[in-house]
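Peer 1: So that we are looking at the same thing, I have put the structure below in structure tokens.
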Amino acid sequence: MTAHLSVPSNEIRRIIIEESKRANVGHIGSALSIADIISVLFESELRLPGTDDPSRDRFILSKGHAALALYAALHLKGILSLHELQTYCCDGSLLGVHPEHHLAGVDFSTGSLGHGLSIGAGAALASRLKGTPYRLFVLVSDAECNEGSLWETVMFAAHHNLSNLIAIVDNNGQQAFGKTKDIIDLNPLAEKWQTFGWEAHEVGGHNEQEIRETLRGLNTSSGPPKVIIAHTTCGKGVSFMEGKVEWHYLPLSDNQYVQAMREIQEAGGR
Amino acid sequence: MRHAFAKALYDIAESDERIVLMTADLGFMVLEDFARAYPSRFFNVGVAEANMIGLATGLAASGYIPFVYSIATFASMRGYEQIRNGPILHNLPVRVVGVGGGFEYGHAGFTHHALEDLAIARVQPGLTVVAPADHLQASSAIKLTYDLPGPIYYRIGKREDYILPGLKGRFRLGRTEVVREGADILIVTLGSISAEVAQAADKLAEKSIGTTICVVSSLRPAPYDDLRDLLGRFSVAVTVEEHYTEGALGSLVCEITAETQANCRIIRCGVRALPGCVCGSEASLREANGLSAEGICKTALNALEEKK
Numbered sequence: 652m653t654a655h656l657s658v659p660s661n662e663i664r665r666i667i668i669e670e671s672k673r674a675n676v677g678h679i680g681s682a683l684s685i686a687d688i689i690s691v692l693f694e695s696e697l698r699l700p701g702t703d704d705p706s707r708d709r710f711i712l713s714k715g716h717a718a719l720a721l722y723a724a725l726h727l728k729g730i731l732s733l734h735e736l737q738t739y740c741c742d743g744s745l746l747g748v749h750p751e752h753h754l755a756g757v758d759f760s761t762g763s764l765g766h767g768l769s770i771g772a773g774a775a776l777a778s779r780l781k782g783t784p785y786r787l788f789v790l791v792s793d794a795e796c797n798e799g800s801l802w803e804t805v806m807f808a809a810h811h812n813l814s815n816l817i818a819i820v821d822n823n824g825q826q827a828f829g830k831t832k833d834i835i836d837l838n839p840l841a842e843k844w845q846t847f848g849w850e851a852h853e854v855g856g857h858n859e860q861e862i863r864e865t866l867r868g869l870n871t872s873s874g875p876p877k878v879i880i881a882h883t884t885c886g887k888g889v890s891f892m893e894g895k896v897e898w899h900y901l902p903l904s905d906n907q908y909v910q911a912m913r914e915i916q917e918a919g920g921r
Numbered sequence: 433m434r435h436a437f438a439k440a441l442y443d444i445a446e447s448d449e450r451i452v453l454m455t456a457d458l459g460f461m462v463l464e465d466f467a468r469a470y471p472s473r474f475f476n477v478g479v480a481e482a483n484m485i486g487l488a489t490g491l492a493a494s495g496y497i498p499f500v501y502s503i504a505t506f507a508s509m510r511g512y513e514q515i516r517n518g519p520i521l522h523n524l525p526v527r528v529v530g531v532g533g534g535f536e537y538g539h540a541g542f543t544h545h546a547l548e549d550l551a552i553a554r555v556q557p558g559l560t561v562v563a564p565a566d567h568l569q570a571s572s573a574i575k576l577t578y579d580l581p582g583p584i585y586y587r588i589g590k591r592e593d594y595i596l597p598g599l600k601g602r603f604r605l606g607r608t609e610v611v612r613e614g615a616d617i618l619i620v621t622l623g624s625i626s627a628e629v630a631q632a633a634d635k636l637a638e639k640s641i642g643t644t645i646c647v648v649s650s651l652r653p654a655p656y657d658d659l660r661d662l663l664g665r666f667s668v669a670v671t672v673e674e675h676y677t678e679g680a681l682g683s684l685v686c687e688i689t690a691e692t693q694a695n696c697r698i699i700r701c702g703v704r705a706l707p708g709c710v711c712g713s714e715a716s717l718r719e720a721n722g723l724s725a726e727g728i729c730k731t732a733l734n735a736l737e738e739k740k
């Protein structure tokens, strides 16, 4: 894998808008929400000597419905060709709304919330048993913390001090039907994880420097598992989407596409 | 069978460091030897089956062969979606061990009675489904299958001492084992209930009725050819399983009969309705559902009578 290719968040956003428009599918807001986190991870923080290298860090997009952000990063890293990227949601493509493990760069298929963290914990356990110190990054949504199975893993990982397991919560405060605070209020979320034995950090989820510095400050060779609560905005980067519940699902109209692309270009994209 | 499973796994783990055993806080007095011998490869994950399947998936993806252990209801159903989207979808060698099929947990009640585990396991392509008939077969089945690619569901019985006459611990993936031969009626069975079938065949013999007993311990891959050949030789066959009549052995036999146009009437013995809340021993619950040796014998006699 070419490790030095740049993965700017604005390029991720451009690809999300272009490909979701091409495919006429939604989940755009969820993908935009994690663009900066994905940018930092794939730009510099994930150790990825190769997509099959046993020593590589693993990344699990447990909130699989934001897969377009991951596809964008895989493309910008040179793992996924433009031709493959542009098959997004086409018949016969490996690139669906949720990621499939047959695609290079995707370790685990996801899409059912509350599952990814347990797989990550199992892989973290395996790294300990083998003595190979790779790290496991699992990106979960805030509403995914509604799932009881997630908290089963949270307890297990703390009990076993899985210090190389890093959960990142995309805390955009929205879920399919509305605001998380109106559906199942998660606050205080960081304290919940801390109470369960995790080392919790809170960052601005669109502040790349803060995300990067927080990740680099983690001691992943000892101590408890780590969680980063990333405070984000659903639909970040496109003004008419930001904080609007409907952009969990809706595809773009032609006019909305033009406006969204203009805003992203003005923000520094090409 | 639990101890046979635990002993077989103990032996395998000695030479194969990929073996990991996880339990959702069950297996007291069964798993301790393994835990003591291989402490770094034994995990009691607590009462959290869904997480256990996910952990096993991550381990299997990293080169291990994790066995996850619980009572059959919890092992097969609480983490079913995690089994489907994890080891099945990713073709990983996770082994789900469900203890106590059917009514084996007797007085523990309906929550502990696995009456649909084989059906829900059998419908998943890529999931091998093994249901040994006695402890000798459980031991050989585990030794012969533990390192197959892809996931496996084992339904392990609780009875430790019983040996099914004629089986002698034989197990072959995708094959049947005929443990008794007779010309008048075919009984197809699996798992612990085969003990009742053996007794039923003795009772039928007292009436000069010859019974062939076919044991299907490899439910998936199904022993299609063996069953096709057997069904072609009989005009009446009875399936006996400690399970709902829909979805597992009885259904498999009906499917093969229909697909091969065999001229054989099939009568399915199993649990046909929600058992309700009546408390009872395994024996009494079997009897109430026509699954005692007497009940199976009666069903076979009626079937033969109707065929005349």
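In order, the protein sequence lines correspond to chains A and B.
To convert, take the position in the first sequence, counting from 1, and add 651; that gives the working numbering.
To convert, take the position in the second sequence, counting from 1, and add 432; that gives the working numbering.
For glycine and all other residues, C-beta sits at the position ideal for the given N, C-alpha and C.
Helix or strand or just coil, what does DSSP make of A/ALA654?
Peer 2: The count along the first sequence starts at 1 and reaches residue 654 of chain A at position 3. Confidence is the limiting factor: at A/ALA654 the pLDDT is only 49, short of 50, which leaves the residue's position unreliable, though a coordinate-based value still follows. Note: A/ALA654 maps to coil in three-state DSSP.
Peer 1: Let me check one thing: in DSSP terms, what residues is B/PRO498 bridge-paired to?
Peer 2: Counting from 1 along the second sequence, the entry for residue 498 of chain B is found at position 66. Its beta-bridge partners are B/VAL452.
Peer 1: What is the rounded straight-line gap between the Cα of B/LEU622 and the Cα of B/VAL561?
Peer 2: Looking up residue 622 of chain B in the second sequence gives position 190. Looking up residue 561 of chain B in the second sequence gives position 129. So the two alpha carbons sit approximately 12 angstroms from each other.
Peer 1: Find the nearest neighbour of B/PRO653 within the set B/GLY558, B/GLY642, B/THR671 and B/GLU714, judged by alpha-carbon distance.
Peer 2: By one-based count along the second sequence, residue 653 of chain B stands at place 221. That would be B/GLY558, whose Cα lies nearest to the Cα of B/PRO653.
Peer 1: If you measure between the beta carbons of A/LEU683 and A/GLY856, is that distance less than 8 angstroms?
Peer 2: Taking the first residue of the first sequence as 1, we reach residue 683 of chain A at position 32. Taking the first residue of the first sequence as 1, we reach residue 856 of chain A at position 205. Contact: no.
Peer 1: Report yes or no: is there a C-beta of chain B within less than 8 angstroms of the C-beta of A/HIS766?
Peer 2: Residue 766 of chain A sits at position 115 when you count from the first residue of the first sequence. So, interface residue.
Peer 1: Between the C-alpha atoms of A/ALA911 and A/SER904, what's the straight-line distance to the nearest angstrom?
Peer 2: Residue numbering aside, residue 911 of chain A sits at position 260 when the first sequence is read from its first letter. Residue numbering aside, residue 904 of chain A sits at position 253 when the first sequence is read from its first letter. Each residue's Cα considered, the two are about 10 angstroms apart.
Peer 1: When the Cα of B/GLU481 is compared with those of A/THR804, A/THR738 and A/ILE667, which residue comes out closest?
Peer 2: Along the second sequence, one-based indexing puts residue 481 of chain B at 49. Nearest of A/THR804, A/THR738 and A/ILE667 to B/GLU481, Cα basis: A/THR804.
Peer 1: What is the C-beta distance between B/LEU684 and B/LEU651, in whole angstroms, given that I count them as a contact (C-beta under 8 angstroms)?
Peer 2: For this step, residue 684 of chain B is matched to residue 252 along the second sequence. For this step, residue 651 of chain B is matched to residue 219 along the second sequence. The Cβ separation is near 7 angstroms, so the contact holds.
Peer 1: Going along the chain, which residues of its own chain have a beta-carbon closer than 8 angstroms to the beta-carbon of B/THR692, five neighbours each way excluded?
Peer 2: What you label residue 692 of chain B is simply residue 260 of the second sequence in a count that begins at 1. Cβ neighbours of B/THR692 beyond the five flanking positions: ARG660, LEU663 and GLY664.
Peer 1: List, in chain order, every chain A residue whose beta-carbon is nearer than 7 angstroms to that of B/VAL477.
Peer 2: As a first step, residue 477 of chain B is located in the second sequence; it is residue number 45 there, counting from the start. Within chain A, the residues near B/VAL477 are PHE807.
Peer 1: For a contact meaning CB atoms closer than 9 angstroms, what does B/GLN556 contact in chain A?
Peer 2: Along the second sequence, read from residue 1 onward, the residue named residue 556 of chain B stands at position 124. Ordered by position in chain A, no residue passes the 9 angstroms Cβ test against B/GLN556, which lies about 15 angstroms from the chain.
Peer 1: When the Cα atoms are used, what is the spatial distance from A/ASP836 to B/PHE466?
Peer 2: Locating residue 836 of chain A in the first sequence gives position 185, counting from the first residue. Locating residue 466 of chain B in the second sequence gives position 34, counting from the first residue. Distance between the alpha carbons of A/ASP836 and B/PHE466: 43 angstroms.
Peer 1: Let me confirm a value: B/HIS545 is counted as buried when at least 16 other C-beta atoms fall within 10 Å, else exposed. Which label applies?
Peer 2: On the second sequence, position 113 is the one that residue 545 of chain B refers to. By the neighbour-count criterion, in which 16 or more other beta carbons inside 10 Å mark a residue as buried, B/HIS545 falls on the buried side.
Peer 1: Can you list the residues of chain B that A/THR804 reaches, using a CB-CB cut of under 7 angstroms?
Peer 2: Taking the first residue of the first sequence as position 1, residue 804 of chain A is located at position 153. Ordered by position in chain B, the residues that pass the 7 angstroms Cβ test against A/THR804 are ASN483 and GLY486.
Peer 1: Does the region 770-777 of chain A come close enough to the region 481-498 of chain B to have 3 or more Cβ pairs within less than 8 angstroms?
Peer 2: yes
Peer 1: Could you check where the beta strand (DSSP E) with B/ASN476 kicks off and where it finishes?
Peer 2: Along the second sequence, one-based indexing puts residue 476 of chain B at 44. It spans 474-476 - the beta strand (DSSP E) in which B/ASN476 sits, taken as one unbroken run.
Peer 1: Residues in the same chain with beta-carbon distance under 8 angstroms from A/PHE847, minus the five sequence neighbours each way, listed in chain order, please.
Peer 2: Position 196 of the first sequence, counted from the start, is the residue given in the question as residue 847 of chain A. Around A/PHE847: TRP802, VAL805, MET806 and ALA809.
Peer 1: Give, in chain order, every residue of the region 742-766 of chain A whose Cβ lies closer than 9 angstroms to some Cβ of chain B.
Peer 2: GLU751, HIS752, ASP758, PHE759, SER760, THR761, GLY762, SER763, GLY765 and HIS766
Peer 1: Return the residues of the region 491-515 of chain B that lie within a Cβ-Cβ distance of less than 9 angstroms from chain A, sorted by chain order.
Peer 2: LEU491, ALA492, ALA493, SER494, GLY495, TYR496, PRO498, GLY511, GLU513 and GLN514
Peer 1: To the nearest angstrom, how far is the alpha carbon of A/VAL791 from that of A/ILE817?
Peer 2: Stepping through the first sequence from its first residue, residue 791 of chain A is reached at position 140. Stepping through the first sequence from its first residue, residue 817 of chain A is reached at position 166. Whole-angstrom Cα-Cα distance: 11 angstroms.
Peer 1: How is A/GLN907 classed by DSSP in three states: helix, strand or coil?
Peer 2: As a working note, residue 907 of chain A is residue 256 in the first sequence. Three-state result, A/GLN907: helix.
Peer 1: Classify B/ASP426 as helix, strand or coil using the three-state DSSP reduction.
Peer 2: Because chain B in this structure spans residues 433 to 740, residue 426 of chain B falls outside the shown range and cannot be described.
Peer 1: Between which residues of its own chain and A/THR653 is the CB-CB distance below 6 angstroms, once the five residues before and five after are set aside?
Peer 2: Along the first sequence, one-based indexing puts residue 653 of chain A at 2. Confidence in A/THR653 is poor, its pLDDT being 44 and thus under 50, which makes the residue's placement unreliable; the coordinate value appears in the next sentence. Cβ neighbours of A/THR653 beyond the five flanking positions: GLY729.
Peer 1: Using only alpha-carbon positions, find the residue among A/LEU697, A/ASP704 and A/TYR722 that is nearest to A/ILE663.
Peer 2: The count along the first sequence starts at 1 and reaches residue 663 of chain A at position 12. Closest option to A/ILE663, Cα to Cα, is A/TYR722.
Peer 1: Quick check on the DSSP output: what are the complete alpha helix (DSSP H) runs of length 4 or more inside the region 670-751 of chain A, in order along the chain?
Peer 2: 679-684, 686-691, 718-727 and 733-736
Peer 1: With H, G and I counted as helix, E and B as strand and the rest as coil, what does DSSP make of B/CYS701?
Peer 2: Position 269 of the second sequence, counted from the start, is the residue given in the question as residue 701 of chain B. Three-state result, B/CYS701: strand.
Peer 1: Whose C-beta lies closer than 6 angstroms to the C-beta of B/ALA430 among residues of the same chain, with five residues either side of it excluded?
Peer 2: This structure does not reach residue 430 of chain B, given that chain B is present from 433 up to 740, and the question cannot be answered.
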